[in-house]
Amino acid sequence: MNKIQNWLQGYARLQVTGIHTERFISLMKAKEIMIWDLVPEQDGYSFNITRKHVRELAQIRRKTGTKIIVKEKHGLPYLLFRYRRRKFLLLGMLICICLVYYGSRFVWDIQVNGTTYYTEEEIRNRIEERYVTLGTSTNKIDCDELEEHLREDYPDISWISCELIGTQLNVVIKETLDGTETIASENLPQDLVAAKDGTIVEIITRNGTPVKRRGDPVQKGEVLISGTVYIYDDYDEVLETDYVTADGDVIAETEYNYNDSFDMQYYQKEYSGDSHKSWILHLYKMNIPIALPGAKPEHSDAIQETHMLRLGNTYILPIGITTVEAKEYVPVLCEYTEEEAQERMQNRIEQYLDDLREKDVEIMENHVTITVDASVCEASGSIVTWERIGYGQPIEVPE
Amino acid sequence: MELAKDVTEGACKLSMIGNNRLWLENYESIQIYNDREILLQTRKHRIRIQGDHLRIESYGAVEMKVSGLIQSIVFEE
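Same order as they appear, the protein sequences are chains A and B.
Numbered per our numbering, the first sequence finishes at 400, counting up by one with no gaps.
Numbered per our numbering, the second sequence finishes at 1180, counting up by one with no gaps.
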């Protein structure tokens, strides 16, 4: 606090030299002048003193016959004096600080993460069209309400989190793919229902009444674990009917039909090394294209990089620039050999199987065959898997 | 009621934290000051502070603060 006060008042670092420097310091004390950071020097002392007391030292200097040198000046009064002819510069800085502060109270960027089935752009566009536009005041945004709206709009998104960080609205979602997750809907009565056809391999019931057993074939939509629980009396008559949230793990053997093909002939890109650059200036919702003279190449790959103006990591402003670099290439007609085509198709099948494994699907058998002829390479067949197929379906409870 | 001697007799008042910081009240002037020794004149005594890297952090009409590695404080007549 003292440091801030000293800076606001202004202070100087002085050096006093001469014979009676100790007397000089004592006289300052007698005049109740506070000094700090008193350091002995080779031929005297140096110390810090507030600006208002500097003038009072003249008398002490005459009395003691010492010499005073001003080594440094710090603080607001000296700063203002230094820029006395630059009032508009200071005014401009002040206005800039005010604008930055004012701008930080609005949302200028929406980020969506965690999407698989839906694209980030789709969800961002929905939010901007219906709920939060860029430039909305952060006070008017209710993250809980936005989460509710998004859950209603996208029922197969199991988890949504919205957070305001600086001027950025962060939306993180976790999608539920049919049949791979059970959704326990906050204690509402529900049945556990099959998301696809299959044969039950394992059924573990945590809550509810199991309807199917190991080895039973099931069709899409059939109840696996019922949320209706009957309580019987000693005479095996229904005493009471209870409705619960059916929950459990139901693993079934399912089948995926795989079909894929590509042409044996393809175009390979041979890059010439030339590129064509253009820019797009973004100002809030305006996009202004800027391009250098010269024709854009007939065949090119365009790489776009967008840089938005930001202060730190979370204060993003609606001003930025996108650099578009179009790298020219010449398409050359090539043809796969039989070995190359087999390898490429095998890689695509492996990628498909990896995608399934990521969704917690266990691959049991792979009956996909690859055929290659002069014009096309095809792969088709079935893949037998084990996966969880139950998902919650609400029950209508009779009154 | 007994009044404090620093008030009635103008005795020098010293406060320390460890051997690194020393506050003094009721002193009159500095006689010697370098990074190994500080000699102060009070109303009744002279106080010799010896040590290493001694530094007067603040010096005012009422109180002064000394920091550094203080090894001894001697009261001299």
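All residues carry an ideal CB built from backbone N, CA and C; glycine is no exception.
Going by the CB atoms, is the gap between residue j and residue i shorter than 7 angstroms?
i                          : j                            : result
threonine 65 of chain A    : aspartate 44 of chain A      : no
isoleucine 1141 of chain B : leucine 1157 of chain B      : yes
glutamate 256 of chain A   : valine 113 of chain A        : no
isoleucine 390 of chain A  : alanine 247 of chain A       : no
glycine 393 of chain A     : glutamine 220 of chain A     : no
tyrosine 46 of chain A     : threonine 67 of chain A      : no
valine 212 of chain A      : valine 224 of chain A        : yes
glutamate 254 of chain A   : threonine 200 of chain A     : yes
glutamate 379 of chain A   : serine 279 of chain A        : no
glycine 1 of chain A       : phenylalanine 107 of chain A : Nothing can be reported for residue 1 of chain A: it is not among the residues displayed for chain A, which extend from 2 to 400.
tyrosine 330 of chain A    : lysine 270 of chain A        : yes
valine 373 of chain A      : glutamate 344 of chain A     : no
isoleucine 161 of chain A  : leucine 170 of chain A       : no
proline 78 of chain A      : asparagine 1137 of chain B   : no
isoleucine 124 of chain A  : isoleucine 111 of chain A    : no
threonine 1145 of chain B  : glutamate 1131 of chain B    : yes
leucine 1143 of chain B    : glycine 1154 of chain B      : no
Taking only beta-carbon positions, decide if residue i is within less than 7 angstroms of chain B.
i                         : result
glutamate 23 of chain A   : yes
glycine 167 of chain A    : no
isoleucine 96 of chain A  : no
lysine 64 of chain A      : no
isoleucine 26 of chain A  : yes
methionine 287 of chain A : no
glutamate 33 of chain A   : yes
lysine 1 of chain A       : The shown model of chain A, from 2 to 400, leaves out residue 1 of chain A, and the question about it has no answer.
lysine 4 of chain A       : no
lysine 175 of chain A     : no
lysine 30 of chain A      : yes
leucine 15 of chain A     : no
Rounded to the nearest angstrom, what separates residue i and residue j at their Cα positions?
i                          : j                          : result
glycine 321 of chain A     : arginine 311 of chain A    : 9 angstroms
glycine 115 of chain A     : glutamate 341 of chain A   : 35 angstroms
isoleucine 205 of chain A  : lysine 175 of chain A      : 25 angstroms
methionine 1119 of chain B : leucine 9 of chain A       : 31 angstroms
glutamine 16 of chain A    : isoleucine 1152 of chain B : 24 angstroms
asparagine 7 of chain A    : lysine 30 of chain A       : 19 angstroms
serine 273 of chain A      : arginine 349 of chain A    : 29 angstroms
methionine 365 of chain A  : proline 298 of chain A     : 49 angstroms
lysine 4 of chain A        : glycine 93 of chain A      : 26 angstroms
leucine 165 of chain A     : lysine 141 of chain A      : 12 angstroms
serine 159 of chain A      : threonine 168 of chain A   : 26 angstroms
threonine 183 of chain A   : leucine 357 of chain A     : Residue placement at threonine 183 of chain A is poorly supported in this model, since its pLDDT is 49, which falls under 50; the coordinates still yield a value, given next. Looking at the two C-alpha atoms, the distance is approximately 18 angstroms.
tryptophan 37 of chain A   : valine 55 of chain A       : 13 angstroms
aspartate 355 of chain A   : glutamate 148 of chain A   : 31 angstroms
glutamate 326 of chain A   : proline 290 of chain A     : 13 angstroms
glutamate 306 of chain A   : isoleucine 252 of chain A  : 45 angstroms
aspartate 198 of chain A   : proline 218 of chain A     : 8 angstroms
lysine 74 of chain A       : cysteine 163 of chain A    : 50 angstroms
tyrosine 84 of chain A     : glycine 11 of chain A      : 15 angstroms
histidine 277 of chain A   : threonine 370 of chain A   : 44 angstroms
tyrosine 103 of chain A    : leucine 318 of chain A     : 12 angstroms
tyrosine 236 of chain A    : glutamate 146 of chain A   : 51 angstroms
glycine 228 of chain A     : glutamate 388 of chain A   : 22 angstroms
cysteine 97 of chain A     : serine 105 of chain A      : 12 angstroms
proline 406 of chain A     : proline 395 of chain A     : In the structure displayed, chain A extends from 2 to 400; residue 406 of chain A sits before or after that span and is not available.
Can you pull the DSSP bridge partners for residue i?
i                         : result
threonine 386 of chain A  : A/Thr255, A/Ile364
asparagine 314 of chain A : Per DSSP, none; premise fails for asparagine 314 of chain A.
cysteine 378 of chain A   : A/Phe263, A/Val373
lysine 328 of chain A     : A/Ser276, A/Asp302
asparagine 288 of chain A : A/His283
alanine 13 of chain A     : A/Ile50, A/Lys74
glutamate 1131 of chain B : Answer by DSSP bridge pairing: none, since glutamate 1131 of chain B is not bridged.
threonine 242 of chain A  : A/Tyr231
aspartate 1155 of chain B : B/Leu1172
serine 138 of chain A     : A/Phe107
Residue i CB to nearest chain A CB: under 7 angstroms?
i                       : result
glycine 1113 of chain B : no
glycine 1163 of chain B : yes
Under 6 angstroms from any heavy atom of the ligand ATP, does the C-beta of residue i make it?
i                      : result
proline 211 of chain A : The model depicted lacks the ligand ATP and carries no ligand whatsoever.
Inset, instruction - Check distances from the C-beta atoms of the region 1147–1160 of chain B to those of chain A and list, in chain order, the residues that come in under 8 angstroms. - result: From the region 1147–1160 of chain B, only Arg1158, Ile1159, Glu1160 have a Cβ closer than 8 angstroms to chain A.
**Message:** By the 8 angstroms beta-carbon criterion, what residues does the region 37–54 of chain A contribute toward chain E?
**Reply:** This model lacks chain E altogether; the protein chains it does include are A and B.
Check: According to a CB-to-CB cut-off of less than 8 angstroms, which residues of the region 1125–1139 of chain B neighbour chain A?
Finding: Residues passing the 8 angstroms Cβ filter: Glu1131, Ser1132, Ile1133, Gln1134, Ile1135, Tyr1136, Asn1137, Asp1138.
*Of the residues that make up the region 308–321 of chain A, which ones have a beta carbon closer than 8 angstroms to any beta carbon in chain B?*
Sequence-ordered contacts of the region 308–321 of chain A with chain B are nonexistent [C-beta pairs closer than 8 angstroms].
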